[in-house]
Every structure is written in C-alpha cells, then in structure tokens.
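Encoded as structure tokens, the structure appears first; notes follow it.
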Amino acid sequence: MWGGVADQDVIVVGAGVVVAPCAEASSAPDLRVTVLDRAKLMPGTTAAGKGNILLTDKEPAPELALVMAFPTTVAPAAGRVARRPRTLARRHDAASMSRRPIANLTGLGELAGTPLEPEEEQAMTQENLSGVIVATALPFAEDANAPAGLRPDLDRYAEHCRWLIDNGCRGVGPNGSLGEYSSLTDEERRAVARTAIQTVGSDGVVVVGVHGAGAHQARHWAELAAEDGADGVLCLPPTMYRANKGEVIHHFEEVAKAGLPIMVYNNPIDTKVDLTPDLLAEIAQIDNVVAVKEFSGDVRRVLEIREVAPGLNVVAGADDVTLESLLMGASGWFAGFPNVFPAESALLYSLAKEGNLARARALYEPLVAAFRWDSRTEFVQAIKYGMDMAGRYGGPCRPPRGPLATADRTRLESDMRRATEYLRANPVAA
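Take the sequence shown: its position 52, counted from the start at 1, is 53 in my numbering, and no numbers get skipped.
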C-alpha cells in the first residue's frame, strides 16, 4: 500500500503548516521527502518536490504507526526531527524511540545530504533500571478556575524533576498514584507527562504511568506516551475492577501494542489483583514487558519472580522494604519518599548494590520510619508534607485526598525528625 514511500529520507506530518520548508527540502536533489496530511495542502504546495509529496487521509493512530516505521520524521507541532526507533525486543532488550530535539523545522533545507547526529538514548532496559526512579509528587497551585480550585503547577513540577535528577536519581515517573493521576483531567495528565519528558531530556529515563480502568484506556495513554517520547510506561492491571487472569493478560497485551517497554505494577493493596510470580511468568511472555514494580510488601517475591521469570526485571516498589529487596536481587527502585530525600536514596541504592551492608543499614534504619508512610493509605499527603518539612514544596492534594489528620501529622513529624537529625549528624550520608 505504501509502495514507493519506504525509501524516503524524510516524512513530513501535517504539511499544511510547513509549506515553505517542505518545498525547500523536497526540491533538494539528494533528499527524498514524503508529506502526510489529513487535510488538503495549502495553495502552491502541491507543485513542490515534483511528485515527492504524498497525501493521505489516515486516522491519527495509523498515521503515527506509519511515521514510526520510517527512518526520519519531521513533526511540525513539536518542531523537531525524530529518528526511527530501533526494533523493540522482548523483555529487557527493548529500546525506545528518540525524543530529543535535533533540528528546528525551519532549517529543514539544510539537512539535505547531511547525516543527522546520533543522540544518546535512554530506553527502559535492565541497565538503566538499575537506579532510583522517582514516582513524582505533583505540586498544585491555587486557581479558582481549575478543578477543586487547584491546577497543576507545571513550572514547579519541572523544577522538581530537574532537582531529582541533579541529586542522583536515575529518572522520574509522572502520573502514578503519587502523582494523583486519577484526579487530573485528560489535558492535565498529558501536560504533566510532557513536562517531565521535556525537563529530563537525555539526562535520565521517564516512565509514564498509563493506568486505566480498561485495556483500551491504558493503551490510549501508552500510545500518547510513545508519541510524546517517553522511555517506557508503568501500568497497573485494570483499576476499579477485580480482573481475572485472562482479563489481566489481555490488558497488558493491549498496552504492549503501543510499542514502549512496559513496567508492570503489582499493587494488590489498591487493585485487589495480585500479580503472583506464576502470573507474572505468563505476563513476561508479552512482547515489550521488561519489568515489574513489586509492591506486595513480601520480599520473598523478588527471588520467586526471578526463578519463574528470569528475564523479567524486579524493581523494588515499596520504600520500607527497599534494602531487603535490593539485597535479594531487585534491579532498581521505583520510589516515593525519594521525593523528599533523593540524594540519600541514591546513596542507599549504591551502597546496597555495592554490597556495603554496614553503611547501607546505618543509613536505612533512621530513614525507614519515614519510608513506611509510602505503604499507608495517606502516602500522597504524607510525602507531600514531608517535602514541605524538608524545605521543598509539596503543597495540597486534590480531592478525594484531604489534609493529614492531626495525629498523623504528629507521627510523621516525629519520623521525619529522626531522619533529618541523623542526616545532620552524618553529612557524609547525605
């Protein structure tokens, strides 16, 4: 169907807004250009390129699939050129498509005969899962016109993502439970993911939460994450419904069709669905499933999963069993409380993986009381309040979450005081 197009050097999506550069590029003798548009080209454009331009009336999803299949894409809305992704292999051999700007669209004509410079890629693979990826808290600002009078403060959020990376964390995970994804509008949810992707750039990995009640919803969010340039996705089984085995497997099969590496999220406390080691062994056979965030709290699961699904990365998901999980062989840590203590968490991870148990335990013991809040119902409010106490901005939560009860605040303050007093007395640990 696309005969004669596969050998093109550049595909321009949405030619109606790029008439001049499209004409300039397609007239270059050494550059073969194909134009895809769901509408008519603007007057004067059809003559450019002398047959190099192809019009199509495809829906967005097929169009995106086509673009991903060709060597070079010029995306006018993003103002960038993205290279063709490498083939996604099974499990931890997966690679993500590039998402960093290479050239402005207005300079397209200068690309004729000039090879694009390769970029550093940050696919969600075994190698770069070996660190601390932070499930990011989302700051809100008061806004009478926003839902519940609170709007996502994207400037503060961008600064927070950058701070986490600068303090030694491997990456960030927007739109998780801690990021209050379920209280966001669709527009807000996508804006949060895009902010994280643009802020982190090539300095780390961005694993976007794509949780949804149904497989079609989770797949939709995964497709948007792929379009926006995420390195991978984090996905719960169906939410708001206790799915059976077949429904769970179908859910992840649909998400896998988006083409990004998938970190399956086992959180039986919230979903009431336990992704047992045997079930994970089956899920691990799905193309693009590379890891599981293990939040059952049962540290025995680390070895059990590795025994039945040896190609699946096990990532520590509950902060208060992190050291135990890492010592049992977890490859990474997808964390909540590192929103408060990023540098200390990165150090804890390194000490554990180096086998320096004495130093790791000395650091972990004064922190673990605070870490336990990551496994409590009020974990979002607790981590945000912990950020406030540490001199960062946590701020309020959107409904249904309200402020911490007085007794909880008092207890959290005590747990935070224990951690901060130790860190002040032992600055080498910070």
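All residues carry an ideal CB built from backbone N, CA and C; glycine is no exception. Note that this is a predicted model, so its numbers are computed, not measured.
8 angstroms Cβ shell around L349 - same chain, five flanking residues per side excluded:
For the purposes of this step, residue 349 is taken as the residue at position 348 of the sequence shown. Same-chain partners within the cutoff: T323, L324, A361, L364, Y365 and L368.
Could you check what DSSP says for P153 in three-state terms: helix, strand or coil?
In the sequence shown, the residue the question calls residue 153 occupies position 152. P153 falls in the strand class under three-state DSSP.
Could you compute how far the alpha carbon of C23 sits from the alpha carbon of L413?
Along the sequence shown, read from residue 1 onward, the residue named residue 23 stands at position 22. Along the sequence shown, read from residue 1 onward, the residue named residue 413 stands at position 412. Annotation note: pLDDT 42 at C23 (below 50); position unreliable, coordinate value reported separately. In a straight line, the C-alpha of C23 is about 59 angstroms away from that of L413.
Residue range of the unbroken beta strand (DSSP E) whose run includes I134:
The sequence position of residue 134 within the sequence shown is 133, counting from 1. Annotation for I134: the continuous beta strand (DSSP E) segment containing it runs V133 to A136.
Distance, Y182 Cα to V274 Cα
Taking the first residue of the sequence shown as position 1, residue 274 is located at position 273. Taking the first residue of the sequence shown as position 1, residue 182 is located at position 181. Spanning the alpha carbons of V274 and Y182 requires a straight line of approximately 19 angstroms.
Per DSSP, the bridge partner or partners of K1
For the chain, the structure presents residues 2 to 431; residue 1 sits outside this window and is missing.
Do the segment 402–416 and the segment 344–358 touch if we need at least three Cβ pairs shorter than 8 angstroms?
Touching, no.
Using C-beta distances below 6 angstroms, list every residue in its chain close to A227, excluding the 5 sequence neighbours before and after it, in chain order.
Translated into the one-based positions of the sequence shown, residue 227 becomes position 226. So the qualifying residues of the chain are A259, G260 and L261.
When we look at the beta-carbon of A420 and count the other beta-carbons within 10 Å, is it buried (16 or more) or exposed?
Numbered from 1 along the sequence shown, position 419 holds the residue referred to as residue 420. So A420 counts as buried.
Taking DSSP's pairing of strands, which residues face N267 in a bridge?
Numbered from 1 along the sequence shown, position 266 holds the residue referred to as residue 267. Partner(s): E295.
Straight-line Cα distance separating V293 from R373:
Start at 1 with the first residue of the sequence shown, and residue 373 comes out as number 372. Start at 1 with the first residue of the sequence shown, and residue 293 comes out as number 292. C-alpha separation (whole angstroms): 21 angstroms.
Decide if the segment 193–206 is in contact with the segment 215–229; the criterion is three or more beta carbon pairs, one per stretch, under 8 angstroms apart.
In short, these stretches touch, since the Cβ pair count reaches three.
Tell whether a beta-carbon distance below 8 angstroms holds between G215 and P239.
Position 214 of the sequence shown, counting from 1, holds the residue named residue 215. Position 238 of the sequence shown, counting from 1, holds the residue named residue 239. Result yes, Cβ atoms of G215 and P239 sit closer than 8 angstroms.
Please state whether DSSP places C236 in a helix, a strand or coil.
For this step, residue 236 is matched to residue 235 along the sequence shown. Of the three classes helix, strand and coil, the one that applies to C236 here is strand, per DSSP.
Measuring alpha carbon to alpha carbon, tell me which residue in E422, R402 and V341 is nearest G392.
Here the question's residue 392 lines up with position 391 in the sequence shown. Nearest of E422, R402 and V341 to G392, Cα basis: V341.
Tell me whether the segment 138–148 and the segment 175–192 touch, counting them as touching only if at least three CB pairs, one residue from each stretch, are closer than 8 angstroms.
Flag = yes, the segment 138–148 and the segment 175–192 touch.
Assign V341 to one of three DSSP states: helix, strand, or coil.
Here the question's residue 341 lines up with position 340 in the sequence shown. Here V341 sits in coil by DSSP.
I think V193 touches M125, with their Cβ atoms under 8 angstroms apart; what is that distance to the nearest whole Å?
Taking the sequence shown and counting its residues from 1, one reaches residue 193 at position 192. Taking the sequence shown and counting its residues from 1, one reaches residue 125 at position 124. With 8 angstroms as the limit, V193 and M125 do not qualify as a contact, their Cβ atoms being about 18 angstroms apart.
Can you tell me the Cα-Cα spacing of G330 and E379, whole angstroms?
The count along the sequence shown starts at 1 and reaches residue 330 at position 329. The count along the sequence shown starts at 1 and reaches residue 379 at position 378. Cα-Cα distance, rounded: 29 angstroms.
Are the CB atoms of V316 and E295 nearer to each other than 8 angstroms?
One-based indexing of the sequence shown puts residue 316 at position 315. One-based indexing of the sequence shown puts residue 295 at position 294. Judged by their CB atoms, V316 and E295 are nearer to each other than the 8 angstroms cut-off.
At the level of alpha carbons, what is the spacing between D144 and R377?
For this step, residue 144 is matched to residue 143 along the sequence shown. For this step, residue 377 is matched to residue 376 along the sequence shown. Taking the straight line joining both Cα atoms gives about 29 angstroms.
Check whether the Cβ atoms of I306 and P339 sit closer than 8 angstroms, and answer yes or no.
Translated into the one-based positions of the sequence shown, residue 306 becomes position 305. Translated into the one-based positions of the sequence shown, residue 339 becomes position 338. Judged by beta-carbon spacing, P339 lies beyond the 8 angstroms limit of I306, meaning their Cβ atoms are not closer than that value.
On the premise that A219 lies in contact with V256, defined as a C-beta separation below 8 angstroms, what is that separation, rounded to the nearest angstrom?
Start at 1 with the first residue of the sequence shown, and residue 256 comes out as number 255. Start at 1 with the first residue of the sequence shown, and residue 219 comes out as number 218. Their Cβ separation, rounded to whole angstroms, is 5 angstroms, which keeps V256 and A219 in contact under 8 angstroms.
Beta-carbon spacing of I263, V291 below 8 angstroms:
Taking the first residue of the sequence shown as position 1, residue 263 is located at position 262. Taking the first residue of the sequence shown as position 1, residue 291 is located at position 290. Yes. Within cutoff.
State the Cα-Cα distance for the pair L225 and N427, rounded to the nearest angstrom.
Stepping through the sequence shown from its first residue, residue 225 is reached at position 224. Stepping through the sequence shown from its first residue, residue 427 is reached at position 426. Rounded to whole angstroms, L225 to N427 spans 44 angstroms at the Cα level.
Using 8 angstroms as the threshold, is the C-beta distance between G210 and P175 below it?
Working through the sequence shown from its first residue, we reach residue 210 at position 209. Working through the sequence shown from its first residue, we reach residue 175 at position 174. It is a contact, given that the beta carbons lie within the stated cut-off.
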